[in-house]
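In terms of this note's numbering, the sequence shown has 39 at position 28, counting the first letter as 1, and numbering is strictly consecutive. A virtual CB, placed ideally from N, CA and C, is assigned to each residue, including glycine. The structure displayed is predicted, hence computed values, not measured ones. Shown next, in structure tokens, is the structure this report addresses.
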Amino acid sequence: MQYQQPIRRLRRLRQTETVRALFKETILTLNDLILPIFVEEEIKDYQPIATMPGVFVSRNTNYLMKSNGSLKPGSSQ
């Protein structure tokens with residue numbers, strides 16, 4: 012006959028809200044993502060960043076046009 016351990020949930024680790032927050036599932040939404048914008052004054056045109064596909068270095072006068080509406084007017088996000 013084989014002995015089996017009783018199944019129990021260790022609640023001592025979840026007694027405080029702070030510790031429960033550590034074990035909570037993480038959910039990402041579109042509001043959690045950012046659009047990286049790199050600006051350099053000495054370049055003449057967009058230059059792709061090799062290690063970041065789809066991301067470019069641009070002049071400070073062009074970076075809002077490149078966002079393709081990703082930035083909302085008056086938004087700091």
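Cβ-based neighbour list, GLN88, same chain, cut-off 7 Å, excluding 5 preceding and 5 following:
Residue placement at GLN88 cannot be trusted, given a pLDDT of 49 that sits under 50; what the coordinates show is reported in the next sentence. Nothing meets the Cβ criterion.
Reduced DSSP category for GLN88 - H, G, I as helix; E, B as strand; rest coil
Note that GLN88 scores 49 on pLDDT, short of 50, meaning its location in the model is unreliable; the coordinates nonetheless yield the value given after this. Correct three-state label for GLN88: coil.
From which residue to which residue does the beta strand (DSSP E) around LEU30 run?
The question names Leu, but residue 30 is Val in the sequence shown. Unbroken run through VAL30 is the alpha helix (DSSP H), 28 to 34; no beta strand (DSSP E).
Cβ-based neighbour list, GLU51, same chain, cut-off 6 Å, excluding 5 preceding and 5 following:
VAL68
Suppose contacts are defined by Cβ-Cβ distances below 9 Å. Is ILE54 in contact with ARG70 by that definition?
yes
Could you pull the DSSP bridge partners for PRO59 from this structure?
PHE67
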